[in-house]
Each structure stands twice: as C-alpha cells, then as structure tokens.
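**Q**
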Amino acid sequence: MVSALRYSPRCRARAASASPPSSPKTAKGSLSGARRNSQEGCACQNALPEGAFVPSLISLPSFLSSVAASTSTSPPNTDIFYWPLSASSPSQASRLAEVSYDPVTLQTSVRSYTPPQKQSNEDLLRIGLFTDASQKHWVGSLTSFSAFNNSAITPNLSLYLSLDNEVYSVAVSASALTASEGNQNLNVEIVRPTPAPTPHLNRPIVLKEDGKETEEIIEKSFIQKYWWAIPIVLFLVIGGGGEAK
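For the sequence shown, the UniProt record's numbering gives the first residue as 1, with consecutive numbering after it.
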C-alpha cells in the first residue's frame, strides 16, 4: 500500500513563504517572487514525496512467482479400485492405482499402482471407481486376476471422460508384454466422448406457393445443348474437303 503524500520540510517552508503582495509598490517584486516560488513548487511536486512507498526490483521476481503459483492448477486425478467378486460390499474395495491426467493433451501419469493379489480360487474381480465422494455409487467392469498377475501381458486401463472432463467409467484390457518394457507396467489411456453418427437425410422437398412439388430440372447433356452445331460442323468438313480435290 502507498502511504499518504507528505512533502519535505523544505517544500513546506517554501510554500509557507509564498504570500500575496501587500501593496501596489511591491507588485513587481512579488510577481517575480511568485514565479520563482511557482517553479520551486513544481520541482517540489515532481520530487519524490516523503514517506512514499518505492517498490523494490528485488521483490518483483517473488511477486511474479507468487502470481504464477496462484494461477497454476494441478491436473485432475482419479482413483481406480478393485473389488473381488466374492466381496458383498463396495466398502471392501482396495485401491488399484492413482492416475492423474490432462484432458487437453490426453497425457496420463500413474502416481501409484498396486496390483491385486489373488487370495482364493476365485479368478474374477471388479475394476472401477466411485463417482461420488461418499463412495456409494460404483461404476466398473469385470475382469480376471490374470490380467494383473501374468508376467507375459500388460494391463491397460481405459478411462472414459465426460463432457466435464470427469472420469465416469473404466475398462480393462491386456496386451502382450514386449521385450523393450522389461517388466510389467500399467498402461493408461484417456477416451474422450465422440459425437454420435447422424443419419444421412435426403434433401428437403421444395414446394410451390400452391403447395405442389416443384418439378426437378434435369440438366441437359452436351449433345442435347449443342445438337444444332453438329450439322454445321459436318457441312464445313465435307465442303472443305471437296474444294481441296
């Protein structure tokens, strides 16, 4: 904040010394003195006020960094859970992975990943997420434990985004593990909504003022347009050949 403007003692003394002329005899001298005081007063006004706040150039980088930190937002993230088929309640679901994503560039980053461990002969489990903060609304799909515990394949998670860039569903697939990967990883892809296909409609029917359909104008071919030029061309060709003989 900038404090109130306060002039220096020298400027205040000059302002106090400036007084109106006391008599006509001293009018000329007072006029020259007033001009001199006016020039000095302008210099005092243009001078830096006493007690004014002067921003330091050293504080400028810290100010810019604070503005950048306040305006930058962290990318959204979502938690993916797995829920064994034998479990009766979603409260028994465990976190499978925490994924952050960029809805603009569709880039993802796996912050944490804990593959499920098979604890019984059951080979099926649910993979999904909770769409509300109370963790009561579950959305997911069914897959096999082998998709996460097979050293020859890599699990793939497909996160489906809504129009609000929120994950509303998840799907699981598997792909063969390549030699370049070396170990088992978790691949994540973002699937954005695509517009639904629209039916191909015919052209609208154009009606006349009386409500009847307009007759479709059929475009004529080249011969139909210029049939009259064919006899002329033949006559010129035949006539020109006879004169040459």
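Beta carbons: idealized from backbone N, C-alpha and C, even for Gly.
For clarity, every value in this text was computed on a predicted model and none was experimentally measured.
Considering just the uninterrupted stretch of the alpha helix (DSSP H) at F148, what are its terminal residues?
**A** S146 to N149
**Q** Pick out whichever of S173, L207, T105 and Y82 has its Cα sitting closest to the Cα of I127.
**A** Y82
**Q** If you follow the beta strand (DSSP E) that I153 is in, where does it begin and where does it stop?
**A** I153: member of the beta strand (DSSP E) spanning I153 to L161, first to last residue.
**Q** Pull up the CB-CB distance for A171 and S162, whole angstroms please, since I reckon it's below 8 Å.
**A** A171 to S162, Cβ: 15 Å. No contact.
**Q** In terms of DSSP beta bridges, what is F222 paired with?
**A** DSSP output for F222 lists no bridge partner at all.
**Q** Does DSSP classify I205 as helix, strand or coil?
**A** coil
**Q** Could you compute how far the alpha carbon of V104 sits from the alpha carbon of V191?
**A** Approximately 12 Å, taken between the alpha carbons.
**Q** Identify, in the order they occur along the chain, each residue of the same chain with its Cβ nearer than 7 Å to the Cβ of L85, setting aside the five sequence neighbours on each side.
**A** If we look at L85 and ignore the five residues flanking it on each side, its Cβ neighbours are E122, L124, L125 and R126.
**Q** Pick from W138, F148 and I230: whose alpha carbon is nearest that of N187?
**A** F148
**Q** Which same chain residues end up closer than 8 Å to K136 when comparing Cβ atoms and leaving out the 5 residues on each side of it in sequence?
**A** P90 and F130
**Q** Could you give the C-beta distance for L207 and T198, rounded to a whole number, given that I count them as a contact under 8 Å?
**A** At roughly 25 Å, the Cβ-Cβ gap does not stay under 8 Å, so L207 and T198 are not in contact.
**Q** Note the first and the last residue of the continuous beta strand (DSSP E) segment covering L125.
**A** L124 to F130
**Q** Once you ignore the five residues that flank Y113 on each side, which residues in its own chain have a CB closer than 6 Å to its CB?
**A** A97 and L186
**Q** What do you reckon, are the CB atoms on T78 and V139 nearer than 8 Å?
**A** no
**Q** Suppose you measure from the CA of K225 to the CA of I217; what does that come to, to the nearest Å?
**A** 14 Å
**Q** Name the DSSP beta bridge partners of W83, please?
**A** Under the DSSP definition of a beta bridge, W83 partners with R126.
**Q** Please classify A93 as buried or exposed, where buried requires at least 16 other C-beta atoms within 10 Å of its C-beta.
**A** buried
**Q** Output the boundary residues of the beta strand (DSSP E) element that contains I190.
**A** N187 to V191
**Q** What residues in its chain sit with their C-beta under 8 Å from that of S144, if we drop five residues either side in the sequence?
**A** Result list for S144: D123, L124 and L125, in chain order.
**Q** Quick check on A196: does DSSP put it in helix, strand or coil?
**A** Reduced to three states, the DSSP call for A196 is coil.
**Q** For V237, count the other beta carbons within 10 Å of its own beta carbon; 16 or more makes it buried, fewer makes it exposed. Which is it?
**A** exposed
**Q** My guess is that A176 and P155 are in contact by the Cβ rule of under 8 Å, so how many angstroms apart are they, rounded?
**A** Wrong, their Cβ atoms sit about 12 Å apart, outside the cutoff.
**Q** Hey, how far is the Cα of P115 from the Cα of P204?
**A** Approximately 58 Å between the Cα atoms of the pair.
**Q** With DSSP collapsed to three states, give me the class of A93.
**A** Three-state result, A93: coil.
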